[in-house]
Amino acid sequence: MLRGHGAGRAGWRVLLVVALLAVLAACEQDERSGEGAQQLAWGEATFAWHCARCHAADRSAPAMTSDTLLTTYGDGLDLYELIRASMPLDAPETLSDRDYLAVTAYLLDREELLTLPPEERFTEGNAALVDLGRQPFELEPDPEVIPEGDPVVPDD
Ligand code: HEC
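Using my numbering, the letters of the sequence shown correspond one by one to residues 12 to 167.
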């Protein structure tokens, strides 16, 4: 009996088309090259060694999706400085600046947020050019909202 045979063939054809489209989409992406690509490879390895045990998709620490990055940071320098100062959570400031830059570049690229020219490394000099859109924190206190009078001191 041939029931399902035709449908099976059509299914394969659909699969083939989908696969071809996926390949085309991958080619169209702004692939990193030269030093930019080298840094990303380094960053991916750094992530695997130093971050994935907590930040891999099935682990407890935040997954760092484009949504969270875009709502938390003003630009790439913000993100880099946070990572350098506080991660790995149980051993902050233990990696080299080179590793921290690479892993930050990797996270940005993974979420398609690394907007630098493909062959350019992510550095402290250009990190702020990677705009993540969150408005910078307003550091100047607004006198209107500072309460008058003595500060409230807790009892104990
Ligand atoms: C021991 C576990 C652990 C390791 C290792 C670790 N992290 Fe984290 N990380 C956390 C936890 C937990 C939080 C959430 C902290 C909080 O919300 O106060 C966090 C938060 C963060 C954040 C801020 C959250 C966000 O969504 O923006 C970033 C960025 C980050 N980690 C990057 C890294 C990078 C990069 C590495 C590797 C160099 C790393 N972490 C290694 C546990 C870890």
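Even glycine gets a Cβ: it sits at the ideal position worked out from N, Cα and C. Just so we're clear, the structure is a prediction, and the values are computed from it rather than from any experiment.
Coil, strand or helix - Asp-120 by DSSP: Reading the sequence shown from its first residue, position 109 is the one you call residue 120. If DSSP states are grouped into helix, strand and coil, Asp-120 belongs with the helices.
Extent of the continuous alpha helix (DSSP H) run through Ser-76: By 1-based counting over the sequence shown, the position of residue 76 is 65. Per the sequence shown, residue 76 should be read as Thr rather than Ser. In this chain, Thr-76 is not harboured by any alpha helix (DSSP H), its DSSP state being neither H nor E.
Cβ pair Ser-77, Glu-123 closer than 9 Å: As a first step, residue 77 must be located in the sequence shown, where it is residue number 66. As a first step, residue 123 must be located in the sequence shown, where it is residue number 112. Cβ atoms of Ser-77 and Glu-123: closer than 9 Å.
Local Cβ density within 10 Å of Leu-106, reported as buried at 16 or more and exposed below that: As a position in the sequence shown, residue 106 is number 95, starting the count at 1. Result: buried.
Start and end residues, alpha helix (DSSP H) containing Leu-90: What you label residue 90 is simply residue 79 of the sequence shown in a count that begins at 1. 87 to 97 is the extent of the alpha helix (DSSP H) around Leu-90.
9 Å Cβ cutoff met for Ala-116 and Gly-45: Translated into the one-based positions of the sequence shown, residue 116 becomes position 105. Translated into the one-based positions of the sequence shown, residue 45 becomes position 34. Contact: no.
Leu-118 and Phe-58 closer than 9 Å at C-beta: Mapped onto the sequence shown, residue 118 falls at position 107. Mapped onto the sequence shown, residue 58 falls at position 47. Going by C-beta atoms, Leu-118 is nearer than 9 Å to Phe-58.
Gly-19 and Pro-129 closer than 9 Å at C-beta: Your numbering for residue 19 matches position 8 in the sequence shown. Your numbering for residue 129 matches position 118 in the sequence shown. Not a contact, by the Cβ cut-off of 9 Å.
Alpha-carbon spacing of Arg-42 relative to Glu-104, whole angstroms: As a first step, residue 42 must be located in the sequence shown, where it is residue number 31. As a first step, residue 104 must be located in the sequence shown, where it is residue number 93. Checking the sequence shown, residue 42 turns out to be Glu, not Arg. Going from the Cα of Glu-42 to the Cα of Glu-104 covers about 30 Å.
Pro-165 CB to nearest heavy atom of the ligand HEC below 8 Å: Taking the sequence shown and counting its residues from 1, one reaches residue 165 at position 154. Shortest gap from the CB of Pro-165 to any heavy atom of the ligand HEC: 8 Å or more.
Cβ-Cβ distance between Leu-51 and Gly-87 below 9 Å: As a first step, residue 51 is located in the sequence shown; it is residue number 40 there, counting from the start. As a first step, residue 87 is located in the sequence shown; it is residue number 76 there, counting from the start. For Leu-51 and Gly-87, no; Cβs fall outside 9 Å.
Short Cβ contact (9 Å threshold) for Leu-127 with Asp-89: Locating residue 127 in the sequence shown gives position 116, where the first residue counts as 1. Locating residue 89 in the sequence shown gives position 78, where the first residue counts as 1. Going by C-beta atoms, Leu-127 is not nearer than 9 Å to Asp-89.
Assigned exposure category for Leu-31 - 16 Cβ within 10 Å defines buried: For this step, residue 31 is matched to residue 20 along the sequence shown. Exposed: under 16 other Cβ atoms inside 10 Å.
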